[in-house]
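S.K.: Before anything else, here's the structure in question.
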């Protein structure tokens with residue numbers, strides 16, 4: 001693997017973030033820098049410019065005036081016709097880094113505070129050098145010194161003076177191929193591995209070249225967008241997080257042309273998905289429970305694992321609700337009473353059927369006891385006694401009592 005700090009070990013750490021994501025979701029490690037946005041210069045390198053300004057109160061107006069400016073690929077421009085031919089900068093200023101301003105035949109009106117402003121629009125760099133100019137009529141008073149904040153030049157009236165502004169930094173003096181000097185690295189340190197032994201994941205250059213390292217499945221799940229250098233967004237996206245993806249990730253931004261070397265650190269933690277139980281309390285005013293219990297559409301989020309939704313519906317007490325419950329109770333009682341009456345009627349009917357018994361002859365004919373001769377000679381001695389017999393029903397009992405009460409008659413069948 002490629003060492004993580006092979007390009008520049010002195011990168012400045014600008015941020016440290018802790019990122020937690022659930023297992024199986026997508027994690028985004030934000031890494032943005034607008035200083036890394038690459039735009040090819042097609043306007044004759046107008047990205048570098050120097051301009052001289054003066055702040056003067058000679059006329060009592062305390063105003064700031066632009067004297068001249070010059071682009072790295074263009075001619076210098078003098079704003080006032082009075083200064084045409086009087087003031088100028090070296091033509092090779094953007095080659096040797098000398099941006100000093102030369103003023104011929106200085107006058108008292110030239111007194112003031114001068115500022116040399118260097119702007120690099122591509123690298124977003126701005127530098128300013130201030131110089132105080134004073135005019136004297138005595139040659140022995142001409143001098144240069146430092147007042148604690150800026151250099152002060154005391155020049156003889158009518159002489160030629162040069163206000164120094166020198167910067168030999170390569171971004172002001174050379175025009176490099178920017179796309180070959182801009183690169184972004186992503187590294188990963190597994191738990192317990194030091195930074196100098198981290199694994200390189202991705203190299204991305206402004207020219208469009210991309211290099212991915214490691215196994216194929218890692219290269220497929222960890223990516224940077226193709227428009228990273230166009231919008232300045234170099235965030236790393238990790239799909240389908242696993243426990244093995246935990247560790248320390250680093251985003252290295254190197255802009256060798258602009259002298260930018262930054263590093264951002266991310267601590268990634270993978271957690272188990274938690275099933276949520278959402279409790280929604282709904283307060284309804286005199287509406288049907290079916291409406292209150294209607295399901296609410298929840299926004300779908302593939303990164304969030306949802307559990308069962310519990311909805312508690314709270315319906316306030318009201319007169320309508322009271323009479324409704326009272327009606328339920330009365331109807332239940334009425335039904336119970338009806339069932340009780342039915343049970344009583346059925347029981348009484350079955351008891352009445354138990355006392356009814358019809359004595360029938362064989363062949364569905366009635367039995368007439370008078371047709372039979374009963375010999376009562378032996379029963380006379382028992383008339384005064386209580387004869388205890390078991391009878392099948394009340395009819396036989398009654399016939400027997402009648403026989404005991406009246407003496408039997410002798411019937412001559414021959415007559």
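Numbering (the UniProt record's numbering), first residue to last: 1 to 415.
Where is the CB? At the ideal position from N, CA and C, for every residue including glycine.
Fair warning: this is a prediction, and the values are worked out from it, not measured in the lab.
(1) So, at 6 Å on beta carbons, what are the nonlocal neighbours of residue 212 in its own chain, with the 5 sequence-adjacent residues on each side left out?
(2) How is residue 86 classed by DSSP in three states: helix, strand or coil?
(3) Relative to the C-alpha of residue 26, which candidate in 323, 345, 241, 343 has its C-alpha closest?
(4) Is it buried or exposed for residue 50, if we count other Cβ within 10 angstroms and need 16 for buried?
(5) Taking the CB atoms as reference points, tell me whether residue 114 and residue 187 lie closer together than 8 Å.
(6) Tell me which residues share the same chain as residue 353 and place their Cβ nearer than 7 Å to its Cβ, disregarding the 5 neighbours each side in the sequence.
(7) Do you know how far the Cα of residue 34 is from the Cα of residue 231?
(8) By how many angstroms is the C-alpha of residue 255 removed from the C-alpha of residue 136?
(9) Could you please give me the residues that DSSP links to residue 471 through a beta bridge?
(10) Tell me, which residues are paired with residue 251 by DSSP?
(11) Quickly, what does DSSP pair residue 321 with across the bridge? List them, please.
(12) Check this for me: beta carbons of residue 247 and residue 191, under 8 Å apart or not?
(13) Does residue 107 come out as helix, strand or coil in the three-state DSSP assignment?
(14) Among the candidates 124, 196, 200, whose CA atom is the shortest distance from the CA of residue 48?
(15) Does residue 285 pass the burial test, meaning 16 or more other C-beta atoms within 10 Å, or should it be called exposed?
(16) Within 10 Å of its beta-carbon, does residue 243 have 16 or more other beta-carbons around it, so buried, or fewer, so exposed?
(17) According to DSSP, is residue 209 helix, strand or coil?
(18) Leaving out five residues before and five after residue 233 in sequence, what residues of the same chain have Cβ atoms less than 6 Å from its Cβ?
(19) Along the chain, where does the beta strand (DSSP E) that runs through residue 119 open and close?
(20) Taking only three categories from DSSP, how would you classify residue 56?
(21) For residue 189, count neighbouring C-beta atoms within 10 Å of its own C-beta (all shown protein chains included) and say buried if the count is 16 or more, exposed if not.
(22) Assuming residue 181 and residue 257 make a contact with CB atoms under 8 Å, what is their CB distance in whole Å?
(23) How many angstroms separate the CA atom of residue 14 from the CA atom of residue 262?
(24) So residue 29 and residue 270 are supposed to be a Cβ contact under 8 Å. How far apart are they, rounded?
(25) In angstroms with no decimal places, state the Cα-to-Cα distance between residue 153 and residue 83.
(26) Does DSSP put residue 94 in a helix, in a strand, or in coil?
(27) Between 131, 157, 149, which has its C-alpha nearest residue 141's C-alpha?
(28) Going by the CB atoms, is the gap between residue 101 and residue 172 shorter than 8 Å?
(29) Residue 16: which of 324, 222, 398, 266 sits nearest, CA to CA?
(30) Consult DSSP for residue 32 and reduce its assignment to one of helix, strand or coil.
(31) Would you call the CB atoms of residue 224 and residue 236 closer than 8 Å?
(32) From what residue to what residue does the alpha helix (DSSP H) around residue 221 run?
M.R.: Inspection of the coordinates gives the following:
(1) 202, 219
(2) coil
(3) 241
(4) buried
(5) no
(6) none
(7) 7 Å
(8) 47 Å
(9) Given a span of 1 to 415 for the chain in the structure shown, any question on residue 471 remains unanswerable.
(10) 186, 264
(11) For residue 321, which the question treats as bridged, DSSP gives no partner whatsoever.
(12) yes
(13) coil
(14) 124
(15) Any reading at residue 285 must be qualified, since the residue scores a pLDDT of 46, below 50, and its modelled position is unreliable; no value is offered.
(16) exposed
(17) coil
(18) 32
(19) 112-120
(20) strand
(21) buried
(22) 4 Å
(23) 6 Å
(24) Residue 29 to residue 270, Cβ: 13 Å. No contact.
(25) 20 Å
(26) helix
(27) 157
(28) no
(29) 266
(30) strand
(31) yes
(32) 216-221
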